[in-house]
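One structure below.
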Amino acid sequence: MKIFHMGDWHIGKLVNGFYMTEDQEFIINQIYEAIEKKKPDVVIIAGDLYDRSVPPVHAVELLNKTMRKIVKDLNTKVIALAGNHDSNERVEFASSLLCDSGLYIVGNLKRKIEKIVLEDDHGKVNFYPIPYADVPVVRDLFEDENIKNHDLAMKKIVSEILNDFNEDERNIAIAHGYVTQMKEDNFETLEESDSEKPLSIGGTEYINSKHFEKFNYTALGHLHGPQKVGSDKIRYSGSLMKYSFSEVNQKKGITIVDINEKGDIELEIYNLKPRRDFRIKTGTLEEIIKGFDNSSENYEDYIKVILKDKGELLDPMAKLRSIYPNVMELTREERVSRNSSRNVATNIKEKSKITLFKNFYEDIMDEVCSEDEMNIIEQIIESAEKGGE
1 MKIFHMGDWH IGKLVNGFYM TEDQEFIINQ IYEAIEKKKP DVVIIAGDLY DRSVPPVHAV
61 ELLNKTMRKI VKDLNTKVIA LAGNHDSNER VEFASSLLCD SGLYIVGNLK RKIEKIVLED
121 DHGKVNFYPI PYADVPVVRD LFEDENIKNH DLAMKKIVSE ILNDFNEDER NIAIAHGYVT
181 QMKEDNFETL EESDSEKPLS IGGTEYINSK HFEKFNYTAL GHLHGPQKVG SDKIRYSGSL
241 MKYSFSEVNQ KKGITIVDIN EKGDIELEIY NLKPRRDFRI KTGTLEEIIK GFDNSSENYE
301 DYIKVILKDK GELLDPMAKL RSIYPNVMEL TREERVSRNS SRNVATNIKE KSKITLFKNF
361 YEDIMDEVCS EDEMNIIEQI IESAEKGGE
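Just so we're aligned: the sequence shown equals residues 1 to 389 in my numbering.
See the structure below:
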C-alpha cells in the first residue's frame, strides 16, 4: 500500500501580515500532480488542517475544494485529524457522513480509537488516528487523575488501542504532538521552528516514542521540519510550506510510504516547490539595494533583512519594498546579536506567553531570568489560564 504522509497545512495562516492562502494553493496544486503521478492509496494529514480554531472563510473554501478534488476527482482516500491549532468540534462536523465517500476526518478524541481499515492485495491495513487533545481532556475522558502530562496521556491512549490490536496485521498510527526518544530525564533534540505553537509550558509536552513501537509506521504532525524520531518508522512529514524564517533551510515535501505485505516500509520524499520562498538577506542597505541584479532571484520571495548599517537610516523599509515588495521583517545586526538569535520582529501571536514574558524581562532588565523566577512565572500563567477557562 502506498501512503502520502503530510501534516501541518495551516490553511489560512497569516505570517507578519501576509496571508499564505495563495501560496498554499500553489503547493496544493503540486500535490494533485503528485497523486496523479504516484497513485497513492491514501493521503494522511496529521493535524493542523487550519491555522486557527475559527478559520477565515477563504481558508475553509480552499480546504473544501482540496478535499473534493482529492477524494472525488482523483479517487483517493484521505485520513485527516485535528491538531492543536484546530477546533476539534469543527473538524469533526459531518465526519460520519463523509467517511462513506472516502474522506475520514477525526476531530474529537474518543476513549476507544476507531480504527480505519483499508485493504490492498495483501490484506488489511489498520489506521489509528489520534487527534490532538489537551491533557485535562484526556484525564477527564479516561477518568484518571494520574494523567498529568502529554506523555502519560499518550501512554493511556495507546494502551487502550493495544487492547484490541492484531500484530499479525499491518498497523499505522497517526498522531499530533511532540514525540521524541526519551531516556530517564533526557530526550532527543529534534528540529523545531518558530511557527510551532507550544503545546504546554515547562517541558510537559514531550511524548516518548516507545509508545509507538508496535506500529509498522507512525505518521506524526506538529513539528514543521521533516525528520525521523529514532528510526524511519516514526516520522514527521513537516509542514506544507515554510511559515517562518527559522525554516529557511528546510526542504518541504510529501513523505511517501510504501508498506509491503510483511509490514516493512520504504520511504521516498517528493519535493514541493514554493511560489515564494522564505529568504534572509544580510548587508548594508546600499549593498542589498545595489545587489539586486541577479536575474535568477525571485523578487517576490518573502524576505527578512538584517541590516549592518550603524547609523540612522531614512525609511529603509520603503526603499527595500520598492525592490522586494514582500519584505516581512527588518532588523539590525547588533540587535540580533544582543538577543542571541532571538527573532525580535516575530509576530507576537506566534509566541507563547512564557516566551513573551522572558523576552520582555531580558530586554528591560538586560539580564536572564533565573530558573526559580521562570518557575514562578509558569505557575502564575498556568493559574491565570485555568481561571479564564
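Beta carbons are placed, not taken as given, at the ideal position from N, Cα and C, and that holds for glycine.
DSSP-derived helix/strand/coil call for residue i
i	result
F93	coil
R68	helix
S239	coil
Y19	strand
I348	Unreliable positioning characterises I348 in this predicted model, as indicated by a pLDDT of 46, which lies under 50. The coordinate reading is nonetheless provided below. Helix at I348.
D366	Reliability fails at D366, whose pLDDT of 46 lies under 50, so the model's placement of it is uncertain and the value that follows must be treated cautiously. It is coil, neither helix nor strand.
A420	In the structure as shown, the chain starts at 1 and stops at 389, and residue 420 therefore has no counterpart that could be examined.
V248	coil
S435	Lying outside 1 to 389, the shown extent of the chain, residue 435 is not represented and no answer is given.
E329	strand
K210	helix
Y54	Looking at the sequence provided, one finds Val at residue 54 rather than Tyr. It is coil, neither helix nor strand.
G202	Residue confidence for G202 is low, a pLDDT of 48 falling below 50, so the modelled location carries little weight; the figure read from the coordinates is stated next. Correct three-state label for G202: coil.
N343	Note that N343 scores a pLDDT of 46, beneath 50, so its modelled location is shaky; the value from the coordinates is reported in the next line. Coil, per DSSP.
L307	strand
I31	helix
Own chain residues within Cβ distance below 7 Å of residue i, not counting five before or after
i	result
I380	none
L103	M67, V71, V78
K349	Low confidence applies to K349: its pLDDT is 46, below 50, so where it sits in the model is not reliable, and the reading given next is rough at best. Within the same chain, K349 has no close Cβ partners at all.
A59	I11, G12, T21, Y50
K197	N84, H85
R391	In the structure as shown, the chain begins at 1 and stops at 389. Residue 391 is therefore absent and cannot be evaluated.
Host alpha helix (DSSP H) of residue i (start-end)
i	result
L162	150-162
A318	316-321
Neighbourhood of residue i by C-beta distance below 6 Å, restricted to the same chain and skipping five residues each side
i	result
S87	S53
F357	I377
Y19	none
P55	G12
H122	E261
A173	Y128, F212, F215, T218
Burial state of residue i (16 or more Cβ within 10 Å)
i	result
V138	buried
F93	exposed
I280	exposed
K13	buried
I323	exposed
S231	exposed
T346	Per-residue confidence for T346 stands at a pLDDT of 45, beneath the threshold of 50, marking its modelled position as unreliable; the derived number appears in the next sentence. Classification for T346: buried.
T180	buried
Y128	buried
N249	exposed
G7	buried
P325	exposed
V43	buried
Residue i Cβ short of 6 Å to the ligand NAD heavy atom set
i	result
H211	As presented, the structure is devoid of all ligands, the ligand NAD included, so that no description of it is given.
Close Cβ partners of residue i (< 8 Å) along its chain, the five nearest in sequence each way excluded
i	result
D41	M1, K2, I3, T76, K77, L118, D120
S340	Here S340 scores only 47 on pLDDT, less than 50, and its place in the model is too uncertain to base an answer on.
D366	With a pLDDT of 46 at D366, under the threshold of 50, the predicted position of this residue should be treated as unreliable, though the coordinate-derived value follows. Counting only Cβ-Cβ distances below 8 Å, and skipping sequence neighbours, we find nothing.
R321	V327
Limits of the unbroken beta strand (DSSP E) element including residue i
i	result
I281	At residue 281 the sequence reads Lys, which differs from the Ile that was named. Segment 278-283, the beta strand (DSSP E) holding K281.
G107	Looking at the DSSP string, G107 is not in any beta strand (DSSP E), and its letter there is neither H nor E.
D120	116-120
A80	77-81
H10	Neither: H10 is in no beta strand (DSSP E) and is coded neither H nor E.
T180	178-180
I147	Neither: I147 is in no beta strand (DSSP E) and is coded neither H nor E.
N271	265-271
K2	2-6
A219	217-221
I259	253-259
K262	From DSSP, K262 is part of no beta strand (DSSP E); its letter is neither H nor E.
Cutoff 7 Å: residue i Cβ touching any chain C Cβ
i	result
L162	No chain C appears in the structure shown, which is made up of a single protein chain.
Checklist entry - Is there contact between the segment 286-301 and the segment 147-155, where contact requires at least three CB pairs shorter than 8 Å? => result Contact fails: fewer than three Cβ-Cβ distances are below 8 Å.
Next on the checklist: Quick check: the segment 211-223 against the segment 253-270, are at least 3 beta-carbon pairs closer than 8 Å?
Outcome noted: Cβ pair count under 8 Å is three or more, so yes.
Checklist entry - Between the segment 269-279 and the segment 25-36, do three or more beta carbon pairs fall short of 8 Å? => result Cβ pair count under 8 Å is three or more, so yes.
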